[in-house]
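Note that UniProt numbering numbers the sequence shown so that position 120 is 120, with each residue one more than the last. Built from N, CA and C at the ideal position, the CB exists for glycine as well.
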Amino acid sequence: MKKSILIVDDDPRNIFALSAMLKARGFAVLSATGMKEAYTVLQQQETVDVILMDMMMPDMDGYEAIPRLKQDARYKHIPLIAVTAQAMAGDREKCLAAGADAYHSKPIDIDALLELLKSPPINQIRNTNDTG
Numbered sequence: 001m002k003k004s005i006l007i008v009d010d011d012p013r014n015i016f017a018l019s020a021m022l023k024a025r026g027f028a029v030l031s032a033t034g035m036k037e038a039y040t041v042l043q044q045q046e047t048v049d050v051i052l053m054d055m056m057m058p059d060m061d062g063y064e065a066i067p068r069l070k071q072d073a074r075y076k077h078i079p080l081i082a083v084t085a086q087a088m089a090g091d092r093e094k095c096l097a098a099g100a101d102a103y104h105s106k107p108i109d110i111d112a113l114l115e116l117l118k119s120p121p122i123n124q125i126r127n128t129n130d131t132g
């Protein structure tokens with residue numbers, strides 16, 4: 001079964017480019033342009049294996065959205081990767097402190113992202129926290 005990835009980004013160009021790269025590598029890709037839409041997608045989908053969350057969005061940024069997702073019993077088991085153009089010292093730690101399971105800076109290096117998606121922390125979160 002294909003691993004299902006939800007991309008949450010307010011820029012449709014980022015969604016398009018990242019979706020194309022991930023689909024070409026065998027992933028099933030879902031997308032949302034903000035958190036309201038992301039919640040709708042999560043409620044409609046039986047399985048989302050990983051969430052890639054843009055940290056800088058206008059309505060609700062990742063720093064607000066991630067803690068909400070991680071406090072929700074329905075979604076806290078889903079590995080969440082913070083994706084941001086902010087690559088200054090301390091940004092990674094700020095994303096992880098918000099509750100992200102991993103961090104990846106923009107522009108996306110697809111090979112590095114694929115390695116991150118295969119890495120034990122991301123691959124094992126669902127297994128260790130799955131309540132179902």
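Pair within 7 Å by beta-carbon distance, residue i and residue j
i: V48; j: I78; result: yes
i: S31; j: I66; result: no
i: D9; j: D61; result: no
i: I122; j: A98; result: no
i: V29; j: K36; result: no
DSSP-derived helix/strand/coil call for residue i
i: I15; result: helix
i: T84; result: strand
i: D10; result: coil
i: residue 138; result: Beyond the ends of the chain as shown, which are 1 and 132, falls residue 138; an answer cannot be given.
i: Y75; result: coil
i: N127; result: Residue placement at N127 is flagged as unreliable, the pLDDT there being 42, under the threshold of 50; a coordinate-derived value is accordingly withheld.
i: A102; result: strand
Residue i: CB within 6 Å of a non-hydrogen atom of the ligand FAD
i: D61; result: In the structure shown, the ligand FAD is absent, as is every other ligand, since no ligand is present at all.
Whole-number beta carbon distance between residue j and residue i, since they are thought to touch under 8 Å
i: D59; j: G34; result: 5 Å
i: L96; j: H104; result: Between H104 and L96 the Cβ distance is about 12 Å, and since that is not below 8 Å, they are no contact.
i: I5; j: F27; result: 5 Å
i: T84; j: M56; result: 6 Å
Beta strand (DSSP E) segment containing residue i, residue limits
i: V29; result: 28-32
i: M53; result: 50-54
Start-to-end residues for the alpha helix (DSSP H) that takes in residue i
i: A38; result: 35-44
Selection from the options that minimises the alpha carbon distance to residue i
i: A100; options: L18, A38, L69, I108; result: L69
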